[in-house]
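Below is one structure, written out as structure tokens; comments come after it.
There are 2 protein chains.
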Amino acid sequence: MSDTNELVQRYLAAWNETDAAARQAVLAEVFAEDAVYTDPLVSVKGRDGLDATIAAVQGQFGGLVFSLGGAVDAHHDIARFTWHLGPEGAEPIVIGFDVAVIGDDGRISQVLGFLDKVPAGI
Amino acid sequence: MSDTNELVQRYLAAWNETDAAARQAVLAEVFAEDAVYTDPLVSVKGRDGLDATIAAVQGQFGGLVFSLGGAVDAHHDIARFTWHLGPEGAEPIVIGFDVAVIGDDGRISQVLGFLDKVPAGI
Chain A
1 MSDTNELVQR YLAAWNETDA AARQAVLAEV FAEDAVYTDP LVSVKGRDGL
51 DATIAAVQGQ FGGLVFSLGG AVDAHHDIAR FTWHLGPEGA EPIVIGFDVA
101 VIGDDGRISQ VLGFLDKVPA GI
Chain B
1 MSDTNELVQR YLAAWNETDA AARQAVLAEV FAEDAVYTDP LVSVKGRDGL
51 DATIAAVQGQ FGGLVFSLGG AVDAHHDIAR FTWHLGPEGA EPIVIGFDVA
101 VIGDDGRISQ VLGFLDKVPA GI
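Going down the list, the protein sequences come from chains A and B.
Going by the UniProt record's numbering, the first residue of the first sequence is number 1, and it counts up by one from there.
Going by the UniProt record's numbering, the first residue of the second sequence is number 1, and it counts up by one from there.
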């Protein structure tokens with residue numbers, strides 16, 4: 001379970017990493033190469049697709065920080081968790097919820113994402 | 001979206017169907033043959049595995065009814081929803097949460113399930 005917590009934290013670290021090379025390194029560590037990522041706004045396959053998605057989100061929400069919104073609930077090879085996006089230490093502007101599937105190699109193979117709070121006009 | 005609601009309702013109907021042949025018919029309608037179902041207590045592949053799981057749960061919670069606990073939130077090929085298990089019209093004894101992935105043929109190919117409320121001693 002602590003491994004899964006760490007994996008989720010590293011996954012959120014990828015969303016916060018604005019240096020392209022560093023972000024790709026974190027994604028390679030936590031995300032299977034052919035992993036599938038789907039949220040309400042995008043559905044992509046592979047690390048490159050997720051990397052481009054993260055870069056676009058960072059462009060839209062510059063300066064805001066992703067953080068874990070509560071405990072990670074994990075069993076078998078799956079985990080669910082809520083995440084926040086907002087100014088550091090302040091009320092989140094976006095609240096999302098992901099279910100991650102973890103492959104045999106310990107990396108995330110699939111993310112199924114939903115949104116619980118979005119700013120008006122997004 | 002209404003199709004997804006209907007699919008989820010039919011999926012819950014399978015959990016409520018105590019006649020084995022009728023349940024298998026509903027499962028064939030809503031669940032891909034090689035679908036994967038994982039919740040905190042079991043991880044099975046294929047309709048037969050899910051059918052056996054449902055039969056076991058019905059044996060444990062005889063007379064209780066599965067119902068949708070709120071709106072189905074769906075996008076792309078995925079949906080999340082909360083379900084209740086309890087006496088008809090009364091406070092649920094078990095509350096669960098599923099994310100379902102829907103295949104190209106419109107049937108559920110994957111269920112990732114979690115529990116939000118469980119009775120003591122289960």
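Glycine included, each C-beta is placed from N, C-alpha and C at the ideal position.
Spatial neighbours of residue 119 of chain A in its chain, beta-carbon cut-off 6 Å, leaving aside the 5 residues before and after: 93
Starting from residue 100 of chain A, trace the beta strand (DSSP E) in both directions and tell me its first and last residue. 94–102
Leaving out the 5 sequence neighbours to the left and right, which residues in its chain are closer than 7 Å to residue 107 of chain B when beta-carbon positions are compared? 30, 31, 32
Starting from residue 33 of chain A and walking both ways along the beta strand (DSSP E), at which residues does that stretch end? 31–38
Within chain B, the residues that residue 154 of chain A reaches when beta carbons sit closer than 7 Å: In the structure displayed, chain A extends from 1 to 122; residue 154 of chain A sits before or after that span and is not available.
Closer than 7 Å at the beta carbon, the chain A residues around residue 78 of chain B: 38, 112
Our contact map puts residue 38 of chain B next to residue 96 of chain B with C-beta atoms below 8 Å; I'd like the distance itself, whole angstroms only. Residue 38 of chain B to residue 96 of chain B, Cβ: 12 Å. No contact.
On the CB-based measure, 16 or more other CB atoms within 10 Å of its CB, does residue 60 of chain A come out buried or exposed? exposed
Can you check whether the CB of residue 12 of chain B is closer than 9 Å to the CB of residue 51 of chain B? no
Could you check whether the Cβ of residue 109 of chain B sits closer than 9 Å to any Cβ belonging to chain A? no
So, do the region 3–10 of chain A and the region 71–78 of chain A have three or more beta carbon pairs nearer to each other than 8 Å? yes
For chain B, check one thing: does any of its Cβ atoms lie closer than 9 Å to the Cβ of residue 1 of chain A? Legend: pLDDT at residue 1 of chain A = 44, less than 50; position of this residue unreliable, value from coordinates given subsequently. Output row for residue 1 of chain A: interface = no.
Alpha helix (DSSP H) containing residue 47 of chain B: first to last residue? 47–60
Tell me which residues share the same chain as residue 64 of chain B and place their Cβ nearer than 7 Å to its Cβ, disregarding the 5 neighbours each side in the sequence. 85, 86, 87, 93
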